[in-house]
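Engineer: Numbering (UniProt numbering), first residue to last: 1 to 239.
Idealized CB from N, CA, C, for every residue including glycine.
Here the structure is a predicted model, which is why all the values come from computation and not from measurement.
Take this structure first; my questions come after.
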Amino acid sequence: MAWLLGLFFTIRVHERPDFPQSLPRIFVFNHGSLLDLFLITLVAPPDSVCLARQWPFSVPLFGPVMRLGEYINVERQSGQELLERARTLLHKGISLGVFPEGTRTRTNTLGRFRSGAFKLSLETGVSIRPVSIIGTCSILPPGQWKLQRGEIHISVLEDISPVPYVVDMLGHLAMCRYTRKRMAIAGLSSPKTSCENGARNESHSDSCYDATDSDRHIRLLPHSGSTQHPLKQHPGHTG
């Protein structure tokens with residue numbers, strides 16, 4: 001799907017660091033447009049799996065592509081089922097794509113992040129790879145279906161290892177806030193569009209939070225009574 005979008009818009013990938021490609025990662029994206037769901041293959045391994053909400057699966061053209069790519073509908077599974085599937089995929093060396101804002105932003109600021117992906121990172125030892133997407137919001141804004149002209153800029157940032165955060169009971173929130181800050185800075189340094197005008201670095205004391213199992217935007221959270229230990233780390237999982 002990404003190559004098809006490239007026929008209509010200029011897509012530029014910036015700051016692609018030299019990563020070990022043999023290890024899975026949890027890719028964390030900001031979310032300004034439905035188009036974001038189809039840019040994963042430009043920065044992640046082709047077998048990566050994206051987590052998405054229910055409604056895009058019913059959109060003509062987009063839905064069939066998502067099912068073909070085996071995207072995970074987070075609203076069709078319980079939080080525990082979703083977590084188990086995520087663990088299994090990472091065990092198999094398959095990377096995940098997650099949108100921690102949980103929904104498309106309708107402002108010019110980066111939304112609050114749900115902490116589920118970061119809990120999973122600490123539990124499994126798999127690093128977070130932040131990705132900042134700029135431009136999709138102006139091409140296909142939320143609530144509209146008419147495509148506009150524009151450029152898409154994607155910045156792939158350095159991996160964030162879970163190791164420094166495992167000793168803190170609230171380490172997942174600290175990791176979440178640091179990741180969000182890195183992505184906000186990347187958004188500020190990227191070319192601006194009408195939707196992303198440079199205000200994405202707004203700071204919020206509650207910029208990251210623990211969603212509940214009833215939060216249907218993204219429920220990638222360990223079970224409240226889980227006593228599972230971290231997965232056996234592969235060399236390099238820590239970044």
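How big is the Cα-Cα spacing for leucine 34 and threonine 136?
Structural biologist: Indexing the sequence shown from 1 puts residue 34 at position 34. Indexing the sequence shown from 1 puts residue 136 at position 136. One C-alpha to the other measures close to 8 Å.
Engineer: Buried or exposed: where does threonine 88 fall if 16 or more other Cβ atoms within 10 Å of its Cβ makes it buried?
Structural biologist: Stepping through the sequence shown from its first residue, residue 88 is reached at position 88. Label assigned to threonine 88: exposed.
Engineer: Roughly how many angstroms lie between the CA atoms of aspartate 47 and serine 95, to the nearest whole one?
Structural biologist: Counting from 1 along the sequence shown, the entry for residue 47 is found at position 47. Counting from 1 along the sequence shown, the entry for residue 95 is found at position 95. Their Cα atoms are separated by approximately 8 Å.
Engineer: In the DSSP output, which residue or residues are listed as bridge partners for cysteine 130?
Structural biologist: Position 130 of the sequence shown, counted from the first residue, corresponds to residue 130. The sequence given here has proline at residue 130, not cysteine. Beta-bridge pairing links proline 130 to Val28.
Engineer: On the three-state DSSP scale, how would you describe serine 70?
Structural biologist: Mapped onto the sequence shown, residue 70 falls at position 70. Residue identity differs from the one stated: residue 70 is glutamate in this sequence, not serine. In the structure shown, glutamate 70 sits in coil (DSSP, three-state: anything other than H, G, I, E or B).
Engineer: Three-state secondary structure (DSSP) at valine 167?
Structural biologist: Position 167 of the sequence shown, counting from 1, holds the residue named residue 167. Reduced to three states, the DSSP call for valine 167 is coil.
Engineer: Should serine 115 and aspartate 210 be called a contact, given that it needs their Cβ atoms to be closer than 7 Å?
Structural biologist: Within the sequence shown, the letter at position 115 stands for residue 115. Within the sequence shown, the letter at position 210 stands for residue 210. Yes; because the gap between Cβ atoms is below 7 Å, this pair is in contact.
Engineer: Do three or more CB pairs link the region 119-132 to the region 145-160 at distances below 8 Å?
Structural biologist: As far as the Cβ criterion goes, the region 119-132 touches the region 145-160, which means the pair count is three or higher.
Engineer: Going by DSSP, name the residue or residues bridged to alanine 186.
Structural biologist: For the purposes of this step, residue 186 is identified with residue 186 of the sequence shown, where counting begins at 1. BP columns for alanine 186 are empty, so no partner.
Engineer: Does the distance from the CB of phenylalanine 38 to the CB of isoleucine 152 come in under 7 Å?
Structural biologist: As a first step, residue 38 is located in the sequence shown; it is residue number 38 there, counting from the start. As a first step, residue 152 is located in the sequence shown; it is residue number 152 there, counting from the start. Their beta carbons are not under 7 Å apart, which means phenylalanine 38 does not touch isoleucine 152 by this criterion.
Engineer: Measure the Cβ-Cβ separation of isoleucine 139 and glycine 125 and say whether it is below 7 Å.
Structural biologist: By one-based count along the sequence shown, residue 139 stands at place 139. By one-based count along the sequence shown, residue 125 stands at place 125. In this structure, glycine 125 does not lie closer than 7 Å to isoleucine 139 by Cβ.
Engineer: Does the beta-carbon distance from glutamate 70 to valine 98 come in below 7 Å?
Structural biologist: For the purposes of this step, residue 70 is identified with residue 70 of the sequence shown, where counting begins at 1. For the purposes of this step, residue 98 is identified with residue 98 of the sequence shown, where counting begins at 1. No, they are not a contact pair.
Engineer: Output the boundary residues of the alpha helix (DSSP H) element that contains arginine 85.
Structural biologist: If you number the sequence shown from 1, residue 85 lands on position 85. Taken as a continuous stretch (DSSP letters only), the alpha helix (DSSP H) holding arginine 85 covers 79-91.
Engineer: Name the two residues that bound the continuous beta strand (DSSP E) containing serine 138.
Structural biologist: The count along the sequence shown starts at 1 and reaches residue 138 at position 138. Careful: serine 138 lies outside any beta strand (DSSP E), inside the alpha helix (DSSP H) at 136-139.
Engineer: Just the C-alpha distance for alanine 174 and tyrosine 165, rounded to the nearest angstrom, thanks.
Structural biologist: Position 174 of the sequence shown holds residue 174. Position 165 of the sequence shown holds residue 165. One C-alpha to the other measures close to 7 Å.
Engineer: By the 10 Å Cβ neighbour count, where 16 or more other Cβ atoms means buried, how is isoleucine 218 classified, buried or exposed?
Structural biologist: Position 218 of the sequence shown holds residue 218. In this prediction, isoleucine 218 has a pLDDT of 41, which is less than 50 and means its spatial position is unreliable; what the coordinates show is noted afterwards. Buried, because 16 or more other Cβ atoms sit within 10 Å of the Cβ of isoleucine 218.
Engineer: What did DSSP end up calling serine 121 once you bin it into helix, strand or coil?
Structural biologist: Against the sequence shown, residue 121 aligns to sequence position 121. Three-state result, serine 121: helix.
Engineer: For phenylalanine 27 and valine 13, which I take to be in contact (beta-carbon distance under 8 Å), what is that distance rounded to the nearest angstrom?
Structural biologist: As a working mapping, residue 27 is identified with position 27 in the sequence shown. As a working mapping, residue 13 is identified with position 13 in the sequence shown. The Cβ separation is near 13 Å, so there is no contact.
Engineer: Using only the alpha-carbon positions, how far apart do glutamate 75 and glycine 63 sit?
Structural biologist: Numbered from 1 along the sequence shown, position 75 holds the residue referred to as residue 75. Numbered from 1 along the sequence shown, position 63 holds the residue referred to as residue 63. If I take the Cα positions, the gap works out to 15 Å.
Engineer: Grouping DSSP H, G and I as helix and E and B as strand, with all else coil, what is alanine 44?
Structural biologist: Working through the sequence shown from its first residue, we reach residue 44 at position 44. Residue state, collapsed to three classes: coil.
Engineer: For the beta strand (DSSP E) that serine 155 lies in, which residues bound it at each end?
Structural biologist: Looking up residue 155 in the sequence shown gives position 155. 151-156 is the extent of the beta strand (DSSP E) around serine 155.
Engineer: According to DSSP, what are the bridge partners of glycine 116?
Structural biologist: Residue 116 sits at position 116 when you count from the first residue of the sequence shown. Answer is none; glycine 116 lacks a bridge partner.
Engineer: Name the one or two DSSP bridge partners that alanine 52 has.
Structural biologist: Here residue 52 is taken as the residue at index 52 of the sequence shown, counted from 1. For alanine 52, which the question treats as bridged, DSSP gives the partners Asn73.
Engineer: Determine the DSSP secondary structure at leucine 96, reduced to helix, strand or coil.
Structural biologist: Walking along the sequence shown from the start, residue 96 turns up at place 96. Strand.
Engineer: Going by the DSSP bridge assignment, what does histidine 14 pair with across the sheet?
Structural biologist: As a working note, residue 14 is residue 14 in the sequence shown. Per DSSP, Ser155.
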